[in-house]
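In full-length UniProt numbering, the protein residues as written are 1 to 540. C-beta: ideal position from N, C-alpha, C; glycine also. The model shown is predicted, which means the values in this text are computed figures rather than measured ones. Notes to accompany the following structure.
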Amino acid sequence: MWNRVPLVVILGPTGVGKSKLSLELAKRFSGEIISADSMQVYKGLDVITNKVTDEERAVAPHHLLDFLDPLKKFTVVHFRNKALPIIRDLQAEKKLPIVVGGTHYYIESLLWDILVEDEDATPTDNKCDAVTARANIDELKGWLDYVFDFKAQKMSALTENSKLEFENKITEIAKWSTVCIKDATESLKSIQQSAGDGSIERLCDTIAGDISRIRLDVRDLLGIVRSELSLRVEGEMKSAQEEINKKLHSKLEEVDPETAGVLHHNSRRKILRALQIHASKGVTQSQLVNVQRSKDGGSSHGGPLRFKDAILFWICCKEDVLDKRLDDRVDDMMKRGLVGELLNFHKKYNEDRLKNTDSSAAYTLGIFQSIGFKEFHAYLTLPEEERETELGQKLLNEGVIALKAVTRRYARKQIKWIKNRFIKTKDREVPDIYSLDATDLNEWDENVLNPALQVMGSCLELEGYSPSLKPLPREDPVGSAVQRNHCAVCDRIFMDTLQWSVHLKSNKHRRMLAKRKRQESREEAEETTTKKPVGLPSDH
């Protein structure tokens, strides 16, 4: 039996083979798998969330997988509070805990003490703080009521305007269709009076075909109008959301300027969380974070490392190869019934939600955040009889293209997270990270499995294991400091120094700057010409 049981973590972008390696390690070393995927905790949508199959689950016990109702809230705090006891129990039983998943901030919450406790934590005993907290809660509730009233008013006005515009468009199209059909009917009567036998039937068929095409044109126009109005509604709602986010950020600047200084105004969840902490605890989030950082082993990212003997495997793949693999995976999902899965799930859980929620907010909670729902929204909300039409198939194909694009972007985001939070950290204590190249799946055993087995065997102090693979060296962070910078010329916010520096040198910024200078020059010239000259004193 092993003298020590390390925590094993498998990192990497989606589609790179993390689950495959976790199953192989669990089978070889009697391990159990803990899923660190924020979407796979929910029941259903097995295809779109790419859950392991029942056969794969039979290889090793799985935890935190497919257990939660889709309408339930589940946060990183919930994950940490459930996962940590599982890890400790497995280690006590001398079983190898293997954490695998693409939600890397879930993994981060296990490895380091970085989370501010949730609202169920023991409240402060300081009466003054409690009074302050209650006052803040009342103020925040009142202010949020104002925000939601503002949003409701926006939605109501927008809905009425869009409804009126849609009705006007329909009326125009209906009139046009009626005129066309009337003209066709008059032509038919005229032909019937002048033509001989046999030609009338042929002309009738021709005109009937014309009328049929008119109807198809009308249907297509209705689809275009609906799409245009939908885009307009989305644009208006995005503008309203932006306004609300700015107001929330302004509130945070009042109570916790340090936290506000490192948050973009569109990071609504983080802003609300910081406001909630201040309202419920009477202290700011920045104060709590600074306490964590001051602990022995703390860093600029938060508190100290929990599992100092953890082993991290980072499965990598060349970008172009991974892109192709992800596109192929979407095609395979389509063959495995992705559309039917989404339609069934939409009908069971999402249809009623959308009646009471604007579409921009409908895909920001729970499993509805899952990649796939938002991309197929236009298709899923079509009437059933329209899904097989030309418009329906067009929307379906657009959904597939969008799903492939967003999956590729998500993979890049995951890789960036690993580099910035695990590799490019100058003051953070990070466990050993071993890089495994999964570019060529034909060489999986040679490049991924066998090196991982050698590292594991050596760490478990088993005989016959001598790894040649060395841990990755740490890299100095370049331009990764988080700082809120506002470009008044372009009216944009940048959250790190590198992005800010690049923006200031960009052609777009220079064009906007030149445009503003020209505008200021014109205004100065106009102001000068409008000034009346002062009259000279008369000689008389």
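Closest Cα partner of residue i within the set the options
i	options	result
Val400	Leu462, Asp332, Pro6 and Glu463	Asp332
Glu108	Phe307, Glu461 and Glu56	Phe307
Ile34	Ala60, Val100, Arg88 and Glu55	Val100
Leu45	Leu472, Asn350 and Ser19	Asn350
Pro85	His301, Leu64 and Lys505	Leu64
Asn397	Pro383, His346, Tyr379 and Ala411	Tyr379
Thr407	Ser294, Val47, Ala488 and Asp323	Asp323
Lys404	Leu391, His62, Thr381 and Phe373	Phe373
Phe436	Leu11, Arg4 and Val5	Correcting the residue identity first, residue 436 is Leu in this sequence and not Phe. Of Leu11, Arg4 and Val5, the residue nearest in Cα terms is Leu11.
Arg268	Glu243, Thr284 and Val448	Glu243
Pro473	Lys419, Ser458, Val455 and Glu520	Lys419
Leu68	Lys82, Glu56 and Glu55	Lys82
Val9	Ser250, Ser19 and Phe313	Phe313
Met334	Tyr42, Glu520 and Val47	Val47
Tyr106	Arg88, Leu90 and Val77	Val77
Lys318	His503, Lys515, Leu441 and Leu7	Leu441
Gln274	Ala60, Val116 and Val330	First, the amino acid is wrong: residue 274 is Ala here, not Gln. Considering only alpha carbons, the answer is Val116.
Thr75	Val59, Lys94 and Tyr42	Tyr42
His104	Thr425, Arg518, Tyr465 and Lys413	Lys413
His62	Pro70, Lys73, Ala92 and Ser30	Ser30
Burial state of residue i (16 or more Cβ within 10 Å)
i	result
Asp256	buried
Asn344	exposed
Ala525	exposed
Thr49	buried
Arg421	buried
Ala26	buried
Val131	Because the pLDDT of Val131 is 47, which lies under 50, any placement of that residue in the model is unreliable, and the question is left without a value.
Arg213	exposed
Thr529	exposed
Cys128	A caution first: Cys128 carries a pLDDT of 44, below 50, which makes its placement in the model unreliable, though a value can still be read off. With fewer than 16 other Cβ atoms within 10 Å, it is exposed.
Glu375	buried
Gln40	buried
His486	exposed
Asp37	buried
Arg522	exposed
Asp51	Correcting the residue identity first, residue 51 is Lys in this sequence and not Asp. Result: buried.
Leu462	exposed
Ala133	At Ala133 the pLDDT is 48, less than 50, meaning the model places this residue with poor confidence; the figure from the coordinates comes in the next sentence. Answer is buried; the Cβ neighbour count reaches 16.
Gln285	buried
Ala514	exposed
Leu96	buried
Gly298	buried
Gly17	buried
Ser19	buried
Pro383	exposed
Thr122	Since pLDDT at Thr122 reaches only 38, below the 50 mark, its modelled position is unreliable, and no value is offered.
Leu90	buried
Gly337	exposed
Gly261	exposed
Leu342	buried
Asn3	exposed
Ala488	exposed
residue 583	Since the first residue of the chain shown is 1 and the last is 540, residue 583 is not available in this structure.
Gly102	buried
Residues bridged to residue i (per DSSP)
i	result
Ser239	Paired residue(s): none; Ser239 is not in a bridge.
Arg492	Cys487
Pro97	Glu32
residue 584	Beyond the ends of the chain as shown, which are 1 and 540, falls residue 584; an answer cannot be given.
Ile10	Val100 and Phe313
Heavy atom of the ligand NAD within 7 Å of residue i beta-carbon
i	result
Asn81	Because no ligand of any kind appears in the structure shown, any question about the ligand NAD cannot be addressed here.
Supposed contact pair residue j and residue i - C-beta distance, whole angstroms, cut 8 Å
i	j	result
Leu23	Ile315	Not quite, the Cβ-Cβ distance comes to about 13 Å (not below 8 Å), so this is no contact.
Asp113	Gly302	7 Å
Pro467	Ile311	Incorrect: roughly 11 Å between the Cβ atoms, too far for contact.
Glu32	Ile98	7 Å
Gly15	Leu391	Gly15 to Leu391, Cβ: 31 Å. No contact.
Glu475	Ile423	5 Å
Ile433	His265	34 Å between Cβ atoms; not a contact.
Thr80	Leu110	Here residue 80 is Arg; the residue named in the question, Thr, does not match the sequence. Indeed, because the Cβ distance is near 6 Å, the residues count as touching under 8 Å.
Ser294	Asp427	13 Å between Cβ atoms; not a contact.
Leu288	Ile271	Rounded, the Cβ-Cβ distance is 16 Å, inconsistent with contact.
8 Å Cβ cutoff, residue i in contact with chain C
i	result
Phe74	Among the protein chains of the structure shown there is no chain C, as only one such chain exists.
Q) Residue ranges of each beta strand (DSSP E) run of no fewer than 3 residues wholly in the region 241-329, ordered along the chain? A) 311-316
My parser needs the alpha helix (DSSP H) runs of 4 or more residues fully inside the region 31-92; what are they? 54-57 and 76-92
Practice problem: Entirely within the region 383-458 and at least 3 residues each: give me those beta strand (DSSP E) ranges in chain order. | Solution: 432-437
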